[in-house]
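Trainee:
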DNA sequence: ATCCCTTTGTGAACCGATGCACAAAGTAGG
DNA sequence: CCTACTTTGTGCATCGGTTCACAAAGGGAT
Ligand SMILES: NC(=O)c1ccc[n+]([C@@H]2O[C@H](COP(=O)([O-])OP(=O)(O)OC[C@H]3O[C@@H](n4cnc5c(N)ncnc54)[C@H](O)[C@@H]3O)[C@@H](O)[C@H]2O)c1
Ligand SMILES: NC(=O)c1ccc[n+]([C@@H]2O[C@H](COP(=O)([O-])OP(=O)(O)OC[C@H]3O[C@@H](n4cnc5c(N)ncnc54)[C@H](O)[C@@H]3O)[C@@H](O)[C@H]2O)c1
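Chains as they are written, first to last, in the numbering used here: chain C, 1156 to 1380; chain G, 1156 to 1380.
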């Protein structure tokens, strides 16, 4: 760090942010196996990326490596966790407790680090009042009140597609600015709200596209003309 | 089409492929509502993208629009479906019938167009033999035989992380070249195999990153030095 | 203290994707 | 047939991201 430029620039590329969780997961595995330091080469392999990319990604957080040695695993875990905001525990709410919502609620894995399910909501009277993974399912009418009271800042949307936009609007109105959407609809939200989507059917269609190419590829030089 | 270049170039950009399912979904909705033609502007809005991007995407498939009018909805549905390989019905197998595997199996939505669940596998004797969504759960030992017999070409992996790579190897050995992975591991596969991953915890971490920025952003100009 | 070896951090070239802006192509109406 | 209007398809500038390749930095040995 000589003179100009920022040592740790605020403004990490989006592509880098999307990979940090991958590095973090690999590092956790290494820490558990008692590995103290790791080279960019080894960490990159474990995370399934190329080592130049990994080094550039980490360089956006700061100069946390030691030349000739590598990165201290514990220290890097801490730095990435801090950067991702995982040093605090985020309260997540699940809206729509059907097939998928239940699976998510029962999923131990994502409670692991940095997140916990703080509330669950449904509109169906048969479902409201059920206890799932030790938590009571609230009625959707209580959405605003419960979100405020329990400090929910991330909402997982697992309602049918038809209800998603309406529920989304209420969630946003309640002050939530981060949404993970499983319903197959394009949600319309204010610019200040982040929506990420998980869409099974899109993923399958992309796979089908490539599968078709593989099948027909080499032989299928048949032009339509 | 004057002289050089391909009218319909094989080699559609990956980013375009990932959006085609979005357009298709919007078009299906319009077809159901009886809309016969649609402009790039309207279709783009429905799909949540910008219209120049949509037109460029569609131009990779061919010149299917009419200037001054727009695109014929039915025709475009057919062309995109064909391009994505949805004019055939793909046999999908689900491996790992736990919380998530069950939710996926019971999910009607993805059977809808172009895909059907042709087999389900698990290693747990208590689960094998169960009937879920009208289909018998097979033992994982029968993987290779059943995959061949039923012509499975896409596998959805929903086993615990620890088992994922081993199952993946068997699936690949059985000739499958398209995998949708829900387990939080980096799968290692030959280059000819396509793997797409769905990772809840990565999505949440990305949301947490941005949420943290929003919270501390404007005020948090505190430098660590 | 010097030399050799390893590995980081980054400048620079490259590549694919995005979005603007407009000519070309079509419709509709007189 | 000609004019006015609409909307596509694309050339081009730009941007963000990836990859290469190497100078600089540090550790360890002698
Ligand atoms: N199940 C899957 O594997 C899967 C996969 C991909 C996508 N999805 C999508 O995820 C969503 C949920 O899928 P599912 O299989 O769990 O459906 P589901 O029908 O089993 O569950 C939906 C739940 O949402 C509740 N609900 C309906 N309207 C509501 C409202 N206004 N407010 C609150 N709750 C409401 C229903 O009572 C029901 O319990 C759907 O949009 C589906 O397309 C599911
Ligand atoms: N449940 C969720 O919401 C969720 C969300 C994100 C990711 N995931 C991931 O999806 C995977 C499945 O999650 P889950 O909650 O359904 O777990 P689960 O434990 O409920 O189910 C896993 C199933 O896989 C079976 N299995 C184990 N080893 C197997 C093998 N070698 N061959 C075949 N089957 C085998 C088990 O018998 C079990 O039925 C996990 O990797 C989890 O991390 C789950």
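Cβ coordinates follow ideal geometry from the N, Cα and C atoms, glycine included.
Rounded to the nearest angstrom, how far is the Cβ of residue 1335 of chain C from that of residue 1311 of chain C, given a contact under 8 Å?
Mentor: 5 Å
Trainee: Tell me the DSSP secondary structure of residue 1158 of chain C in three-state form.
Mentor: A caution first: residue 1158 of chain C carries a pLDDT of 32, below 50, which makes its placement in the model unreliable, though a value can still be read off. Three-state result, residue 1158 of chain C: coil.
Trainee: Which runs of the alpha helix (DSSP H), 4 residues or longer, sit entirely within the segment 1277-1318 of chain G?
Mentor: 1298-1305
Trainee: On the three-pair Cβ rule with 8 Å, is the segment 1348-1365 of chain C touching the segment 1171-1189 of chain G?
Mentor: Touching, per the Cβ criterion.
Trainee: Any chance the segment 1245-1253 of chain G sits against the segment 1272-1280 of chain G, with 3 or more Cβ pairs inside 8 Å?
Mentor: Here the segment 1245-1253 of chain G lies against the segment 1272-1280 of chain G, with 3 or more beta-carbon pairs under 8 Å apart.
Trainee: Does the distance between the C-beta of residue 1315 of chain C and the nearest non-hydrogen atom of ligand 1 fall short of 7 Å?
Mentor: yes
Trainee: Go through its chain and collect everything with a Cβ distance to residue 1229 of chain G's Cβ below 7 Å, but skip five positions before and after it.
Mentor: Counting only Cβ-Cβ distances below 7 Å, and skipping sequence neighbours, we find 1186.
Trainee: At what residues does the alpha helix (DSSP H) containing residue 1212 of chain C begin and finish?
Mentor: 1206-1214
Trainee: Excluding sequence positions up to five away, which residues of its chain have a Cβ less than 7 Å from the Cβ of residue 1159 of chain G?
Mentor: Bear in mind that the predicted position of residue 1159 of chain G carries a pLDDT of just 36, short of 50, making it too unreliable to give a figure here.
Trainee: Span of the beta strand (DSSP E) holding residue 1348 of chain G?
Mentor: Annotation for residue 1348 of chain G: no beta strand (DSSP E) segment contains it, and DSSP assigns it neither H nor E.
Trainee: Give me, in chain order, the residues of the same chain whose beta-carbon lies closer than 7 Å to that of residue 1259 of chain C; leave out the 5 immediate sequence neighbours on both sides.
Mentor: 1249, 1311, 1313
Trainee: Checking 8 Å against the spacing of the C-beta atoms, do residue 1218 of chain C and residue 1209 of chain C come in under that value?
Mentor: no
Trainee: Would you mind giving the Cβ-Cβ distance between residue 1298 of chain G and residue 1325 of chain G, rounded to the nearest angstrom? I have them listed as a contact below 8 Å.
Mentor: With 8 Å as the limit, residue 1298 of chain G and residue 1325 of chain G qualify as a contact, their Cβ atoms being about 6 Å apart.
Trainee: Taking Cβ positions only, does residue 1364 of chain G come closer than 8 Å to chain C?
Mentor: yes
Trainee: By alpha-carbon positions, which one of G:1189, G:1271, G:1188, G:1213 ends up nearest to residue 1199 of chain G?
Mentor: G:1213
Trainee: Could you spell out the range, first to last residue, of the alpha helix (DSSP H) harbouring residue 1184 of chain C?
Mentor: 1169-1187
Trainee: From the DSSP secondary-structure annotation, give me the bridge partner or partners of residue 1225 of chain G.
Mentor: G:1221
Trainee: Please confirm whether residue 1240 of chain G has its beta-carbon closer than 8 Å to some beta-carbon of chain C.
Mentor: Yes, its Cβ sits closer than 8 Å to a Cβ of chain C.
Trainee: Any chance the CB of residue 1322 of chain C is under 7 Å from a heavy atom of ligand 1?
Mentor: Residue 1322 of chain C: yes, Cβ under 7 Å from ligand 1.
Trainee: Cα separation between residue 1349 of chain C and residue 1341 of chain C?
Mentor: Linking residue 1349 of chain C to residue 1341 of chain C through their CA atoms gives a straight-line distance of about 13 Å.
Trainee: How long is the line joining the alpha carbons of residue 1378 of chain C and residue 1343 of chain G, rounded to whole angstroms?
Mentor: The predicted model places residue 1378 of chain C with a pLDDT of 41, which falls under 50 and marks its position as unreliable, so this point remains unresolved.
Trainee: Is residue 1310 of chain C a contact residue of ligand 2, with contact defined as CB to any heavy atom under 7 Å?
Mentor: no
Trainee: Look at the Cβ atom of residue 1293 of chain G, then the Cβ atom of residue 1308 of chain C, and state whether they are nearer than 8 Å.
Mentor: Going by C-beta atoms, residue 1293 of chain G is not nearer than 8 Å to residue 1308 of chain C.
Trainee: Would you say residue 1318 of chain G touches ligand 4, meaning its beta carbon is less than 7 Å from a heavy atom?
Mentor: Annotation note on ligand 4: not contained in the displayed structure, which lists ligand 1 and ligand 2 as its ligands.
Trainee: Using a C-beta to C-beta distance shorter than 8 Å, which residues of chain G count as neighbours of residue 1206 of chain C?
Mentor: Correct list: empty, because the minimum Cβ distance to chain G is about 15 Å.
Trainee: Between the Cα of residue 1238 of chain C and the Cα atoms of C:1168, C:1280, C:1262, which residue gives the shortest distance?
Mentor: C:1168
Trainee: On the premise that residue 1172 of chain C lies in contact with residue 1364 of chain G, defined as a C-beta separation below 8 Å, what is that separation, rounded to the nearest angstrom?
Mentor: 5 Å
Trainee: Residue 1361 of chain C to residue 1319 of chain G, Cα distance in whole Å?
Mentor: 21 Å
Trainee: Between which two residues does the alpha helix (DSSP H) carrying residue 1194 of chain C extend?
Mentor: Secondary structure note for residue 1194 of chain C: it is in no alpha helix (DSSP H), with a DSSP letter that is neither H nor E.
Trainee: Apart from the five residues on each side of it in sequence, which residues of its chain come closer than 6 Å, Cβ to Cβ, to residue 1333 of chain C?
Mentor: 1309, 1349
Trainee: Name the two residues that bound the continuous alpha helix (DSSP H) containing residue 1260 of chain G.
Mentor: For residue 1260 of chain G, the enclosing alpha helix (DSSP H) covers residues 1254-1261.
Trainee: Taking CB distances under 8 Å as the criterion, tell me whether residue 1160 of chain G reaches chain C.
Mentor: Low local confidence applies: a pLDDT of 38 at residue 1160 of chain G is under 50, so the model's placement there is unreliable, and no value is given.
Trainee: What does DSSP give as the partner residue(s) for residue 1247 of chain C in the beta ladder?
Mentor: C:1272, C:1309
Trainee: Between G:1221, G:1240, G:1236, G:1206, which has its C-alpha nearest residue 1371 of chain C's C-alpha?
Mentor: When the alpha-carbon of residue 1371 of chain C is set against those of G:1221, G:1240, G:1236, G:1206, the nearest one is in G:1240.
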